[in-house]
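Heads up, the thing below is written out as structure tokens.
Number of protein chains: 2
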Amino acid sequence: MKLVHNMDVNRVDFKEINEYGFVKIASNSKNVIDEINEYSKYVNSNFENFVVVGIGGSSLGPKAVHTALNNQYYNEISGNTKIYFLENIDPDTFEELFEVINIEKTLFNVITKSGGTSETMAKFMILKARLGNLAKTNIVCTTDRENGNLIKIAKEEGYKTFFIPADVGGRFSELTPVGLLPAAISGIDIEKLILGAKSCLDDNLEEAKEYALIMKEAIEKGKNTLVFMPYSDKLSLLGDWFVQLWAESLGKKVDNEGNVINYGQLPHKSVGAIDQHSQVQLFAEGPNDKIFTFLEVKNFKNQVKIPKIYDEVRGISFLGGHTLNELISAEKFATDYALKKENRDTLTIEINEINEEVIGKLIMFFELATVFLGELVNIDPFNQPGVEEGKNATYALFGKEGYEYKLEELKDQCGDKLWNGK
Amino acid sequence: MKLVHNMDVNRVDFKEINEYGFVKIASNSKNVIDEINEYSKYVNSNFENFVVVGIGGSSLGPKAVHTALNNQYYNEISGNTKIYFLENIDPDTFEELFEVINIEKTLFNVITKSGGTSETMAKFMILKARLGNLAKTNIVCTTDRENGNLIKIAKEEGYKTFFIPADVGGRFSELTPVGLLPAAISGIDIEKLILGAKSCLDDNLEEAKEYALIMKEAIEKGKNTLVFMPYSDKLSLLGDWFVQLWAESLGKKVDNEGNVINYGQLPHKSVGAIDQHSQVQLFAEGPNDKIFTFLEVKNFKNQVKIPKIYDEVRGISFLGGHTLNELISAEKFATDYALKKENRDTLTIEINEINEEVIGKLIMFFELATVFLGELVNIDPFNQPGVEEGKNATYALFGKEGYEYKLEELKDQCGDKLWNGK
Chain V
1 MKLVHNMDVN RVDFKEINEY GFVKIASNSK NVIDEINEYS KYVNSNFENF
51 VVVGIGGSSL GPKAVHTALN NQYYNEISGN TKIYFLENID PDTFEELFEV
101 INIEKTLFNV ITKSGGTSET MAKFMILKAR LGNLAKTNIV CTTDRENGNL
151 IKIAKEEGYK TFFIPADVGG RFSELTPVGL LPAAISGIDI EKLILGAKSC
201 LDDNLEEAKE YALIMKEAIE KGKNTLVFMP YSDKLSLLGD WFVQLWAESL
251 GKKVDNEGNV INYGQLPHKS VGAIDQHSQV QLFAEGPNDK IFTFLEVKNF
301 KNQVKIPKIY DEVRGISFLG GHTLNELISA EKFATDYALK KENRDTLTIE
351 INEINEEVIG KLIMFFELAT VFLGELVNID PFNQPGVEEG KNATYALFGK
401 EGYEYKLEEL KDQCGDKLWN GK
Chain P
1 MKLVHNMDVN RVDFKEINEY GFVKIASNSK NVIDEINEYS KYVNSNFENF
51 VVVGIGGSSL GPKAVHTALN NQYYNEISGN TKIYFLENID PDTFEELFEV
101 INIEKTLFNV ITKSGGTSET MAKFMILKAR LGNLAKTNIV CTTDRENGNL
151 IKIAKEEGYK TFFIPADVGG RFSELTPVGL LPAAISGIDI EKLILGAKSC
201 LDDNLEEAKE YALIMKEAIE KGKNTLVFMP YSDKLSLLGD WFVQLWAESL
251 GKKVDNEGNV INYGQLPHKS VGAIDQHSQV QLFAEGPNDK IFTFLEVKNF
301 KNQVKIPKIY DEVRGISFLG GHTLNELISA EKFATDYALK KENRDTLTIE
351 INEINEEVIG KLIMFFELAT VFLGELVNID PFNQPGVEEG KNATYALFGK
401 EGYEYKLEEL KDQCGDKLWN GK
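Residue numbers (the working numbering), protein chains in the order written: chain V, 1 to 422; chain P, 1 to 422.
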């Protein structure tokens, strides 16, 4: 990969990165890779379906890697164990899954680092009841080795379990069993994913620092939105994964000294060429409060020729003889050009092709850039205090022990508008 | 539907809406509905697959309605004609479609109002060549009745064609054959979609004005982002449809008098409860530059009970005995509460349930709100001058006749960084 831009960057010194848990996994994953590959063979031989049961960092990464590296119609054509994601708590999409799978032939991978995520644990409870005696064989857990309710239950009930290292937080956990297990089951070479992450440490560390420095300055200039715009369908969900990483790590009320800074940059996904027909009008002409990160794929697997027909039809004849590859590439160039002409800031991450190594590399690249920016602006990229209030209010509404004080507050503030169970 | 908020709104008078093309279709679509329903029967009997070939307004609407009203695993379970979307010009996802369909048993619906959209016409040219003699039976066009290359070709080559009214622009065209044909083929009651749109004119006109007034004031207060956050998987792609509508209609450099205003608000989609674990940290603690539109579904089709197990496990026992319905509803309330506590502006669109009428109503509601805001701030919501520069640059790079001047400009500006065909 290559970071292409024409901005000036003042280099600074950063802390050693080897202390970070998500960095360590690039070199100490050999055993876990072997165990997962072995287990995947068993899954592929024994289950028709594999369902990822997670939310946020426990789902966005597996989805992103699956989309990037597998056929978009995977379940329709692969012949392998089918892959599904039970991510939300929408009752209707929840039940639709059970119309399409045979639960007896399905392995459910319950993923939560803390073992306490309400949505995931609620789904786990429903699955356990529906599976009955099959729970022990049809549930596999991915969680912390020691802490939380899921590991406690898994031990008591004898579920196969994979572990997320204690020093790797949810949104940095894609290259742990959180992401590696679903990937391996769909036939992705997870050793190469990890090799890609490692190669980022060797080859692209300076570019990750550069990316953080560029974004720091952009935010200072009022670019409150970072548009993440891959010109590739397959990198679309990598955008969703990036959104969590950037938003939750860097959107913070206070810095490390407790000063109120209300910091953060909205990561906003857009997909080229599609969103040229949706958002580029705003990007080019609206407020100049955005910075653009294009992801450009230099070599697609396929070359798709546009036939040389309609030579006499002015308006489309110029397309004939070219390829879709040229068209998407020219459109990326042209959009970039048009935005720069309106004084918008853009940069491009060029990748040679989409494969396991490149995806591993991109994941590590953005994780590094995130912690570098956290360091530059003196905030903690690993916590998420701003989601506690909503969680606590939910606990209070559901009558969880210890949250009576919050229920009082809610009654006080909301009066007759308080949630009443519907 | 009901708009719920606690903001003050100063009402003003708006222009008559009956002149708008997208409003007229709510009352004059009887014939087209009958024709489409009749044709859909023929398609369902004769084709295994139906592929929507469009981009932007010719694809976002059909996708949104399909997702909202059909099973998420439609192609895996329906037994009916399968529905696919050939939206982008990504060579790899393009070719993947041809691995999963039998082209001989597939009807391609080529949709472009102008008949000149490069991406769509390039795909059309490829399809025509691949279909050979079958093109005449396996292509159906949706385009303008008189203007553009597609109608010209369709007439010459004898393709069945549906028409988009001349006074309805692409992003306002979902309730024309653009959206009605794909919907009908998947078994959606399109008459009810239109009835829903009509009922919005009767029942929710004042709320659409209110929504526009709220957003005008929000933008004046620096809320440059509108977070569109349905608590429902099925409304997720309605968010993508809304993004185009709001971004492209209202993101404008100049007002109707030509004053440079660089107006616009970034519509940003987020899905509850999922993105509580991704974006809410930033929403609650980052810059206070966003206004939130929640969409809340009061009644899902399914009730999903969380069993009363793990009574002894503090931390999850409170979930037992509740339902996923209650959980998603309480979480929406709690997130709203937590955001308000941080002085963020929120409003909620409550809908009773997701069905054809409600989706038709929501589409009309947001289209109306868009033109009302355009009127309030004196900009033209129906043009998109900001995408011309990128289009022209693409034409120049591809050697289209008449764009030699642009190629000169590009050479001048880009030097050896000019796009070179790769």
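Every residue, glycine too, gets a C-beta built ideally from N, C-alpha and C.
Asked, Found
"For I359(P), collect the residues of the same chain with a Cβ closer than 7 Å to its Cβ; drop the 5 residues on either side in sequence, then sort them by chain order.", "V65, A68, L69, L193, G196"
"What is the residue span of the alpha helix (DSSP H) that M215(V) lies within?", "205-220"
"Buried or exposed: which applies to S45(V), given that a residue is buried once 16 or more other Cβ atoms fall within 10 Å of its Cβ?", "exposed"
"Mapping the DSSP letters down to three states, classify E257(V) as helix, strand or coil.", "coil"
"Taking only beta-carbon atoms, is L376(V) less than 8 Å away from chain P?", "no"
"Give a yes or no on whether the minimum CB-CB distance between V52(P) and chain V is below 8 Å.", "no"
"Let me confirm a value: G399(P) is counted as buried when at least 16 other C-beta atoms fall within 10 Å, else exposed. Which label applies?", "exposed"
"So with CB distances below 7 Å, who are the chain P contacts of V9(V)?", "Here the premise fails: no neighbours, minimum Cβ distance about 19 Å."
"Are there 16 or more other CB atoms within 10 angstroms of the CB of N352(P), so buried, or fewer, so exposed?", "exposed"
"Considering only the beta carbon of each residue, do G386(P) and M125(V) sit closer than 8 Å?", "no"
"Taking the alpha carbon of E156(P) as the reference point, which residue from E409(P), C141(P), V168(P) has its own alpha carbon closest?", "C141(P)"
"Within the same chain, show all residues whose beta-carbon is closer than 7 Å to that of K209(P), passing over the 5 residues directly before and after it, in chain order.", "F14, F372"
"Let's see if you can read the secondary structure: which residues bound the alpha helix (DSSP H) around F98(V)?", "91-100"
"Work out the CA separation of D90(P) and L237(V) for me, nearest whole Å.", "15 Å"
"Check whether chain V comes within 8 Å of G79(P), counting only Cβ atoms and requiring the distance to be less than that.", "no"
"If you follow the beta strand (DSSP E) that H268(P) is part of, which residue opens it and which one closes it?", "266-269"
"Using the rule of at least 16 other Cβ atoms within 10 Å of the residue's Cβ for burial, across every protein chain shown, is Y395(P) buried or exposed?", "buried"
"Looking at C-alpha atoms only, which residue of F85(P), K123(P), V4(P), E389(P) is the closest neighbour of Y337(V)?", "E389(P)"
"Starting from the Cα of F292(V), find the closest Cα among E96(V), M215(V), E401(V) and give me that residue.", "M215(V)"
"Taking a Cβ distance cut-off of 8 Å, strictly less, list which residues of the region 297-314 of chain P are near chain V, in chain order.", "K298, F300, K301, N302, Q303, V304, K305, I306, P307, I309, Y310, V313, R314"
"Could you run through the region 172-201 of chain P and flag, in chain order, every residue whose CB is less than 8 Å away from some CB of chain V?", "none"
"State whether the region 80-87 of chain V contacts the region 47-57 of chain V, with contact taken as three or more CB pairs (one from each stretch) at a distance under 8 Å.", "yes"
"Apart from the five residues on each side of it in sequence, which residues of its chain come closer than 8 Å, Cβ to Cβ, to V4(V)?", "L347, T348, I349, E350"
"Using beta-carbon positions only, say whether D189(P) and E356(P) come within less than 8 Å of one another.", "yes"
"Would L60(V) pass as a contact of Q244(V) if the rule is Cβ separation under 8 Å?", "yes"
"Report the residue from G239(V), N259(V), N256(V) whose alpha carbon sits nearest the alpha carbon of S278(P).", "G239(V)"
"Short of 6 Å in beta carbon distance, which residues of its chain neighbour N75(P), apart from the five on each side in sequence? Order them along the chain.", "K82"
"Run through the DSSP bridge pairs and tell me what I139(P) is partnered with.", "F108(P)"
"How would you write the range of the beta strand (DSSP E) that E296(P) sits in, first residue to last?", "290-297"
"Could you pull out every unbroken beta strand (DSSP E) segment of at least 3 residues lying fully inside the region 111-193 of chain V, listed in chain order?", "139-144, 160-164"
"Near R130(P), which residues of its chain fall below 7 Å by C-beta distance, leaving aside the five closest residues on each side in sequence?", "I103"
"Under three-state DSSP, which class holds Y20(V)?", "coil"
"Mind checking if N288(P) is an interface residue toward chain V, Cβ cutoff 8 Å exclusive?", "yes"
"Would you mind stating whether V304(V) and I354(V) have Cβ atoms separated by less than 8 Å?", "no"
"If you run the structure through DSSP and keep just helix, strand and coil, what is P385(V)?", "helix"
"If I follow the unbroken alpha helix (DSSP H) through N75(V), where does it start and stop?", "74-77"
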